[in-house]
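Enquirer: Below are the structure tokens for one structure; questions will follow.
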Amino acid sequence: MKKVILLFITLISYSTYSQFNNMNQGNRQNLRQRQMPQTPRQAPEFKYEVEKYLGIVVYDIERAAKKSKIKRTSDTGKAFSKTLTAYNREIKDLRRINSFTLRSTREMVENFQRNAQKTGDASGQKKVQETMAENLKPISEVLKTKDLELDKKMKTILSKKQYEKWINYNRKLFKVFPTEVTE
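In terms of the numbering used here, the sequence shown opens at residue 129 and continues consecutively.
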């Protein structure tokens, strides 16, 4: 008798489990059908950062001092702040003077990218890269000299440990100081 009752309870539990499981699957299907159809996602709008390509960085002096472990109230901190303020002013002037070149280069690259996405043809990429390099070369040269000057000043102002932290901070900003080339 116990075996029969146990068998009966087992069969009832399996049948109720399967019924509820089928109902839940049916509800999921109904929910999927009732949901709004999804539109295909579009690729995000391409934004080319010419300044990042060139390595133009305007420093937040407070943050740079903090990351380099420099106290701004010390003599080193004051010289550091003065040097970065002068550098930022020069870079902002450089950006302002060459704003037309920077903007036209950015627009040229973005237009090429949009057309390449639409047509699937990227055959003119080399020509665009050459034109971009040619347009930006004078700015790049001026920027290289400014960066070399800044690097020399920072080497004299900062201790070795602070200078290493300064270089690490710049790497995080994707800023690389050029090495001095002797001819």
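Note that CB positions come from ideal geometry on N, CA and C, so glycine has one too.
Since the structure is predicted, the reported quantities are computational estimates derived from the model, not experimental observations.
Apart from the five residues on each side of it in sequence, which residues of its chain come closer than 8 Å, Cβ to Cβ, to residue 193?
Expert: Working through the sequence shown from its first residue, we reach residue 193 at position 65. Here the set comprises 199, 200, 205, 208, 209.
Enquirer: Along the alpha helix (DSSP H) that carries residue 289, what are the first and last residues, could you check?
Expert: As a first step, residue 289 must be located in the sequence shown, where it is residue number 161. Element bounds for residue 289: 288 to 300.
Enquirer: Around the C-beta of residue 129, are 16 or more other C-beta atoms found within 10 angstroms, so that it is buried, or is it exposed?
Expert: In the sequence shown, counting from the first residue as 1, residue 129 sits at position 1. Exposed: under 16 other Cβ atoms inside 10 Å.
Enquirer: Determine the burial state of residue 296: buried for a count of at least 16 other Cβ atoms within 10 Å of its Cβ, exposed for fewer.
Expert: Residue numbering aside, residue 296 sits at position 168 when the sequence shown is read from its first letter. Exposed, because fewer than 16 other Cβ atoms sit within 10 Å of the Cβ of residue 296.
Enquirer: What residue range does the alpha helix (DSSP H) around residue 205 cover?
Expert: Translated into the one-based positions of the sequence shown, residue 205 becomes position 77. For residue 205, the enclosing alpha helix (DSSP H) starts and ends at 203 to 225.
Enquirer: Can you look up residue 173 in the DSSP assignment and give me helix, strand or coil?
Expert: Here the question's residue 173 lines up with position 45 in the sequence shown. Reduced to three states, the DSSP call for residue 173 is coil.
Enquirer: So what's residue 265 in DSSP terms, helix, strand or just coil?
Expert: By one-based count along the sequence shown, residue 265 stands at place 137. In the displayed model, residue 265 falls within a helix according to three-state DSSP.
Enquirer: Count the other CB atoms within 10 Å of the CB of residue 188; is the residue buried (16 or more) or exposed (fewer)?
Expert: Numbered from its first residue, the sequence shown carries residue 188 at position 60. With fewer than 16 other Cβ atoms within 10 Å, it is exposed.
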